[in-house]
DNA sequence: CTAGTCTTGAGGTACGTATATCTAAACTGA
DNA sequence: TCAGTTTAGATATACGTACCTCAAGACTAG
């Protein structure tokens with residue numbers, strides 16, 4: 077049988093109360109006694125039963141998720157996953173609050189951070205925009221004992237406990253590898269469609285993409301990025317113009333949330349079906365485009381996985397338990413028509 | 077606050093003992109009373125606190141994993157993951173026993189199933205080989221109340237509760253899509269290297285591969301399968317001979333556990349570097365081959381995910397709780413050099 | 001040495017559920 | 001209607017941990 081606090085007390089030759097004081101880091105125990113208890117814990121291999129502890133403690137994990145508002149489909153996917161987790165969360169003593177802030181607006185994000193009372197929340201997950209104010213806000217919460225993870229876009233300087241998301245440079249490199257090889261012998265240009273070059277993940281993807289195209293596919297050349305601001309209308313216009321202007325385009329890399337516009341353009345002319353197209357984010361639209369052969373590959377990160385991972389990481393931080401690294405690494409998923417889930 | 081059994085008793089106008097009898101399906105309660113209690117549960121949205129219940133019940137989940145012995149690297153990966161879970165499982169009232177049976181030996185598997193006492197185990201996960209004996213053995217355990225999931229290779233007729241694994245036909249189709257497109261304009265033949273055509277997953281992958289090559293890549297033609305029996309030596313010999321014999325091979329699909337032999341052959345001649353090679357299973361060897369450009373893509377299923385998923389599914393079945401579908405679907409992962417985790 | 005503080009012990013109650021026992025009430029059949 | 005059975009209630013204990021109180025023992029400073 078697993079050892080309990082009673083066994084630890086016996087082994088250390090102290091009372092239950094003392095073991096409890098040591099376990100829960102309460103004051104009033106001599107250093108020598110603390111050492112005795114800790115030695116007993118190690119000898120017995122005692123591990124606190126967190127379920128029982130949480131029951132006794134009446135613990136509720138108060139978690140706050142701050143995510144950008146707006147049309148970005150990945151953010152909306154995160155929101156949907158959160159909603160789903162919330163509806164099932166009666167079971168696991170977890171209370172999740174979702175705070176939406178205007179996208180790309182770090183002032184609003186700072187305000188949201190400041191409105192959080194460290195006393196009432198135990199964990200925070202946020203999609204960070206990298207500014208000093210945000211960094212300081214996060215650092216303050218960390219100092220007050222709040223567990224913090226960043227999602228999608230990292231911010232190491234803030235002292236967050238973990239980052240949940242993919243390596244976007246690698247994602248860009250992956251896209252380039254796919255386009256380069258799918259293009260085969262063809263020579264020509266590649267159009268890049270992004271949301272905005274002010275967002276770190278898009279910048280990083282573009283960087284990785286450029287690296288690989290330049291180094292490995294001399295027959296291809298990247299055109300300047302079209303910034304579609306996550307707006308189908310704008311993307312449609314910019315991309316259509318670009319395809320008119322440049323006769324020699326062989327591929328398109330849709331870096332961010334602009335798939336709808338890209339699809340519209342591709343459907344407009346049969347000739348565009350020969351283009352090699354790689355996009356990000358598996359949605360109903362991109363899935364359909366993949367099945368119909370408009371897209372050749374979609375690179376994805378699993379929103380559900382990211383949400384669940386963030387929650388696990390926050391709880392582990394709060395409980396002081398270990399994590400399984402493999403379970404928390406977010407994969408750069410590649411989908412072709414044939415391996416759609 | 078969340079309603080408790082006390083609240084249910086109050087709401088239904090019965091005693092705690094009666095609520096307990098209903099919740100735990102014990103006899104001695106009139107149908108009308110059961111209905112009253114159940115109505116109260118619905119009205120209050122009562123959900124049993126499983127942590128508290130397990131604490132009171134002193135429940136330990138006794139899980140048995142039956143996996144094939146032998147050199148198959150994916151099976152060994154499953155075993156390693158199980159070992160890791162076991163070492164962390166002090167925490168979660170889970171006791172995992174791993175039973176290894178000779179690969180492809182259904183008699184041994186049947187014997188292993190028969191040696192299991194349904195009274196002492198609550199869940200079983202097994203890599204099934206499809207025979208009547210195995211099916212009946214599983215069915216017997218199911219009838220006796222044991223939760224059962226099949227892994228890697230399914231067996232629907234056994235009445236198992238779930239299947240944990242990928243769609244191998246789709247995996248084969250995916251491999252074909254990659255080889256076909258990476259080959260570009262080239263015409264020629266594709267060599268297939270499998271472990272054995274007696275194993276369902278290899279057969280299915282081959283089927284999916286053939287389908288897509290025939291339908292979409294008329295310039296390519298599949299050669300007969302080389303059966304390497306998961307043995308590097310045999311694979312090396314067969315594949316080397318094949319490449320000598322057939323001057324016009326443009327690609328290789330390594331269907332199963334034979335990557336070591338394939339890699340040896342590829343390294344032997346610089347000319348072989350131009351071959352398009354897609355293999356299964358991400359291991360140290362295949363990862364290295366990918367980085368060095370010997371392999372063009374590796375298709376993988378995450379062993380850690382499968383083990384964790386099997387455990388979650390078994391526990392959910394035992395506790396009668398719901399599962400999150402998205403979390404349990406095993407993906408057909410594609411790795412290129414650039415998206416290696 | 002004494003008063004004061006610091007450290008430890010003993011014991012109880014609580015969390016939400018499971019389970020056992022004993023008793024009382026409500027039915028059933030003849 | 002009465003005995004016999006079925007159904008229901010009341011109450012207690014337990015699971016492993018947290019946290020509280022009260023009292024007593026061990027120190028420290030003056």
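Protein chains in written order, with my numbering: chain W, 77 to 417; chain P, 77 to 417. Don't be surprised by glycine CBs; every beta carbon is placed ideally from N, CA and C.
Along the alpha helix (DSSP H) that carries residue i, what are the first and last residues, could you check?
i, result
"residue 206(P)", "Taken as a continuous stretch (DSSP letters only), residue 206(P) belongs to no alpha helix (DSSP H), as it is neither H nor E."
"residue 370(W)", "From DSSP, residue 370(W) is part of no alpha helix (DSSP H); its letter is neither H nor E."
"residue 128(W)", "126–133"
"residue 391(W)", "379–395"
"residue 80(W)", "Premise fails: residue 80(W) is in no alpha helix (DSSP H) and is neither H nor E."
What is the residue span of the beta strand (DSSP E) that residue i lies within?
i, result
"residue 227(P)", "223–227"
"residue 408(P)", "No beta strand (DSSP E) holds residue 408(P); DSSP gives it neither H nor E."
"residue 347(W)", "First-last for residue 347(W): undefined, no H or E at that position."
Which residues of chain P have a Cβ atom closer than 7 Å to the Cβ of residue i, listed in chain order?
i, result
"residue 261(W)", "260 and 261"
"residue 264(W)", "Chain P residues near residue 264(W): none, gap ~14 Å exceeds 7 Å."
"residue 162(W)", "Correct list: empty, because the minimum Cβ distance to chain P is about 12 Å."
"residue 78(W)", "166"
"residue 384(W)", "403"
"residue 84(W)", "Correct list: empty, because the minimum Cβ distance to chain P is about 14 Å."
"residue 420(W)", "Chain W is shown only over 77 to 417; residue 420(W) falls outside these bounds and no answer can be derived."
"residue 331(W)", "The premise fails here: residue 331(W) is roughly 15 Å from chain P at the closest Cβ pair, so nothing lies under 7 Å."
Quick one: what's got a C-beta closer than 8 Å to residue i's C-beta in the same chain, skipping five residues either side?
i, result
"residue 325(P)", "264, 265, 266, 267, 299, 318, 319 and 351"
"residue 269(P)", "301, 302, 304, 311, 314, 315, 328, 329, 330, 331, 332, 334, 337 and 338"
"residue 240(P)", "201, 225, 226, 227, 228, 382, 385, 386, 389, 404 and 406"
"residue 432(P)", "Because residue 432(P) is not part of the residues shown, which for chain P are 77 to 417, the question remains open."
"residue 273(W)", "279, 282, 301 and 303"
"residue 297(P)", "264, 265, 266 and 289"
"residue 102(W)", "96"
"residue 92(W)", "81, 82 and 85"
What residues of chain W sit near residue i, judged by a beta carbon separation below 7 Å?
i, result
"residue 417(P)", "405 and 407"
"residue 394(P)", "Under the 7 Å cutoff, chain W gives no residues; its nearest Cβ is about 15 Å from residue 394(P)."
Can you find the residues in the same chain that come closer than 7 Å, C-beta to C-beta, to residue i, ignoring five residues on each side of it along the sequence?
i, result
"residue 314(P)", "302 and 304"
"residue 373(W)", "254, 354, 410, 411 and 412"
"residue 150(W)", "333, 357 and 379"
"residue 135(P)", "169"
"residue 276(W)", "206 and 229"
"residue 221(W)", "194"
"residue 155(W)", "143 and 174"
Can you tell which of the options has its C-alpha closest to the C-alpha of residue i?
i, options, result
"residue 391(W)", "126(W), 216(W) and 90(W)", "126(W)"
"residue 248(W)", "290(W), 219(W), 235(W) and 240(W)", "290(W)"
"residue 292(W)", "253(W), 283(W) and 262(W)", "253(W)"
"residue 360(P)", "349(P), 376(P), 347(P) and 346(P)", "376(P)"
"residue 122(W)", "134(W), 131(W), 132(W) and 96(W)", "96(W)"
"residue 348(P)", "362(P), 198(P), 369(P) and 238(P)", "369(P)"
"residue 288(W)", "117(W), 257(W), 135(W) and 155(W)", "257(W)"
"residue 448(W)", "104(W), 171(W) and 99(W)", "Coverage of chain W is limited to positions 77 through 417, which leaves residue 448(W) absent and any answer about it impossible."
"residue 408(P)", "131(P), 116(P) and 244(P)", "244(P)"
"residue 184(P)", "169(P), 215(P), 216(P) and 142(P)", "142(P)"
"residue 106(P)", "294(P), 321(P) and 94(P)", "94(P)"
Below 6 Å CB to CB, which residues in the same chain sit around residue i once its five sequence neighbours on both sides are set aside?
i, result
"residue 308(W)", "336 and 337"
"residue 173(P)", "140"
"residue 306(W)", "147, 148, 271 and 333"
Run through chain W and tell me which residues come within less than 9 Å of residue i, C-beta to C-beta.
i, result
"residue 128(P)", "127, 128 and 131"
"residue 413(P)", "249, 250 and 253"
"residue 119(P)", "Per Cβ cutoff of 9 Å: no residues; residue 119(P) is ~15 Å from chain W at best."
"residue 246(P)", "414, 415 and 416"
"residue 310(P)", "The premise fails here: residue 310(P) is roughly 29 Å from chain W at the closest Cβ pair, so nothing lies under 9 Å."
"residue 387(P)", "What residue 387(P) touches in chain W: nothing, since even the nearest Cβ is about 12 Å away."
List the residues of chain W that residue i touches, going by C-beta distances under 8 Å, in chain order.
i, result
"residue 380(P)", "400, 402 and 403"
"residue 123(P)", "166 and 167"
Residue i touches chain P at which residues, Cβ-Cβ below 8 Å?
i, result
"residue 288(W)", "414"
Within the chosen definition, does the segment 374–390 of chain P reach the segment 152–165 of chain P through at least 3 CB pairs nearer than 8 Å? With the cut-off at 8 Å, the segment 374–390 of chain P and the segment 152–165 of chain P touch.
Pair every Cβ in the segment 153–160 of chain W with every Cβ in the segment 185–193 of chain W, then say whether three or more of these pairs are closer than 8 Å. The answer is no - the segment 185–193 of chain W does not touch the segment 153–160 of chain W, with fewer than three Cβ pairs under 8 Å.
Hey, is the segment 144–158 of chain W in contact with the segment 173–183 of chain W, meaning 3+ C-beta pairs nearer than 8 Å? They touch, by the three-pair rule.
With a cut-off of 8 Å, do at least 3 Cβ pairs link the segment 392–399 of chain W to the segment 86–101 of chain P? Contact between the segment 392–399 of chain W and the segment 86–101 of chain P is absent, because fewer than three Cβ pairs lie under 8 Å.
Pairs of beta-carbons, one from the segment 230–243 of chain P and one from the segment 205–220 of chain P, closer than 8 Å: are there three or more? Result yes; three or more Cβ-Cβ pairs closer than 8 Å.
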